[in-house]
Amino acid sequence: ERREVGSHAVAWIAVGAGVMLLAMVGAFGGMATYLARGIEQATRMSVSRVAAGADSSIMWGAFWSGLALLAVGTLVLAAVRNRIQAAAVCFGLVFFVSADLWRNAREFWVFQDAAAFHSPDQLTDIVTATPKPYRVFNANVYEGSRLMTFDIPQLLGYHGNEIHRFDVLLGGKNIWRNQGYGVIWDLFAIEYVIVPAAMQGADSIPGYELLLKEHQTAEGISANLLRRSEPARYARLVPGALKLPDDQAVATIIDPRFPPDRVVLLSPDAPVEPEEYRDVPEPLQNQVPVTDWEPGRMVLNIEPPAPQDSYVLVAENWYPNWQATVDGEYAPVVRGNQTLITVPVPAGASTVSLVFDSKPFRIGKIVTFLSLFVTIGTVVVPMYRRRTSGGV
């Protein structure tokens, strides 16, 4: 409105035209392929062919974005030079920006019957009737955040915000080449498996029983639901431990010979020194049932009490904010098997309590409420003073 953006508008026109020119000669497609090759070498993900196949989409995407910038620049320049009215500028900006946003975002929108999409079905009813904690392995049957609607916990979460060490254990982010290993399902307490009915062997998975066959989801996918033959263990008592670097730990864990009930692999910086063993200790028969659980808090009983110094291994991702007590006494929470909560317990231990307590989060809440209080005060106090002084 102050006509102070003339030079900026010229720059927008020049950049928009330059982007359009580079797009038409294939510069952005070549750049994407080059970057994809680097990613492929670093992660072994087969992405270079995907980038090469998307060359046309990349070219036209860049072209239309450059055209949108050029159009906005032309519109603003015309307004600065009094060639068009202010109303035309307002409507023109809304049109060009909205059109560009729609063009880029339209592929991310799916329009369907919301009631059917978010309504429970027979499969979700069976799963949600199970008391937590447990996890579900969902083989892309319920897409996106569909299961989150029903508060059903999945192995891979919902929005791609996994902890890095979890991604490494499962074979790399968005690759997860190790997710099908039986030991992974065991360590993460996978109680249910949801797989497409058309998948080979979908009705017969070792250690799991078929509950539903060819169940039709709201998306029209035919799926099978299987449940673990024996209840998944959310926590277990492990007699031995060994410190091992992360790169060696992952390879060891997915090795079929790895005994998750006999030894837990600790990070080299763990503040405990495990006992040295000549042979791998025999597994303990103690059970570790969950007696109280909610997100961020749990109580585990060791039944009978631990016969020796050992480790409680929990099917939950380790994070620095986890705090533990063993029979009311402080205990360290260390990272075991690459990413899992591990609590060292002494002989005779019977109860382990875990609480997620983040000091930065608590400070953030205090700052937020203080800011809200100050903001309200800056509005209310002047109004009160005006009223008490007889002002309007």
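Each position in the sequence shown, counted from 1, maps to that position plus 813 in the working numbering.
Glycine included, each C-beta is placed from N, C-alpha and C at the ideal position.
Remember, predicted model here, so these are calculated numbers, not experimental data.
The distance from the Cβ of Pro1058 to that of Pro1073 is about 19 Å, inconsistent with a contact at the 8 Å cut-off. Of the candidates Ala1010, Arg1041 and Val885, the residue whose Cα lies closest to the Cα of Gly995 is Arg1041. Tyr1005 carries a strand assignment under DSSP once its states are collapsed to helix, strand and coil.
Non-local C-beta neighbours of Ala1015 in its own chain, meaning closer than 8 Å and more than five positions away in sequence, comprise Val1008, Pro1009 and Asn1037, ordered along the chain. In the pairwise beta carbon analysis, the region 1045-1063 is classified as touching the region 1118-1127: at least three pairs are separated by under 8 Å. Note on geometry: alpha-carbon atoms of Gly831 and Gly905 lie some 22 Å from one another. Between the region 1148-1165 and the region 1122-1132, the count of C-beta pairs closer than 8 Å reaches three or more; the two stretches touch. Between the C-alpha atoms of Ala1128 and Thr941 there is a straight-line separation of about 19 Å. Cβ contact annotation for Trp998 (same chain, cutoff 7 Å, sequence separation greater than five): Phe950, in chain order.
Pairing Leu968 with Arg948 gives a Cβ-Cβ distance under 8 Å. Shown here for Asp1140: same chain residues with a beta carbon closer than 7 Å to its own, the five before and five after excluded, namely Ala1162, Ser1163 and Thr1164 in chain order.
When DSSP states are grouped into helix, strand and coil, Ile1154 belongs to the strand group. Note on Leu1039: 16 or more other CB atoms within 10 angstroms of its CB, so buried under the neighbour-count rule.
The closest CA to that of Met837, considering only Trp922, Arg862, Leu880 and Ser820, is found on Leu880.
Counting C-beta atoms within 10 angstroms of its own C-beta, Ile1176 has fewer than 16 neighbours from the protein chains shown and is therefore classed as exposed.
In the same chain as Ser1171, and ignoring 5 residues on each side of it, the C-beta atoms closer than 7 Å to its own belong to Asn1134, in chain order.
With the rule of 3 Cβ pairs closer than 8 Å, the region 977-986 counts as touching the region 1059-1068.
Under the DSSP definition of a beta bridge, Trp922 lacks any partner. In terms of CA proximity to Arg815, Val893 leads the group Gly851, Val893 and Gln854.
Between Arg916 and Phe908, the alpha-carbon positions lie close to 12 Å from each other.
Check the Cα spacing between Val885 and each of Ser1166, Gly829 and Lys945: the tightest is with Gly829. In the three-state DSSP reduction, Phe1186 falls in the helix class (H, G or I). Within the same chain, and ignoring the five residues on either side of Asp913 in sequence, the residues whose Cβ sits closer than 6 Å to its Cβ are Ala881. Taking 3 residues as the minimum length, the beta strand (DSSP E) runs contained wholly in the region 1064-1101 are 1076-1079, in order along the chain. Assigned with DSSP and collapsed to three states, Gln1029 falls in strand. Between Thr1030 and Asp934, the CB-CB gap stays under 8 Å.
Annotated three-state conformation of Thr1181 is helix, per DSSP.
In this model, Val889 and Cys903 are separated by some 10 Å (Cα to Cα).
When Met872, Asp1092, Pro1069 and Asn1130 are compared, the shortest CA-CA separation from Pro1108 is found for Asn1130.
One thing to note: Val1103 has its Cβ no nearer than 8 Å to the Cβ of Pro966. Taking all protein chains in view, the Cβ of Asn1150 is crowded by 16 or more other Cβ atoms within 10 Å, so the residue is classified as buried. With a contact defined as Cβ atoms closer than 8 Å, Val1076 and Val1093 qualify at about 6 Å.
The shortest CA-to-CA distance from Glu975 to any of Met872, Leu1183 and Thr1152 is the one to Thr1152. The beta carbon of Ser932 is closer than 8 Å to those of Ala1031 in its chain, skipping five residues each way along the sequence.
The C-alpha of Leu1023 is placed about 49 Å away from the C-alpha of Gly843.
In this structure Phe841 touches Ala875 by the C-beta definition: roughly 5 Å separates them, less than 8 Å.
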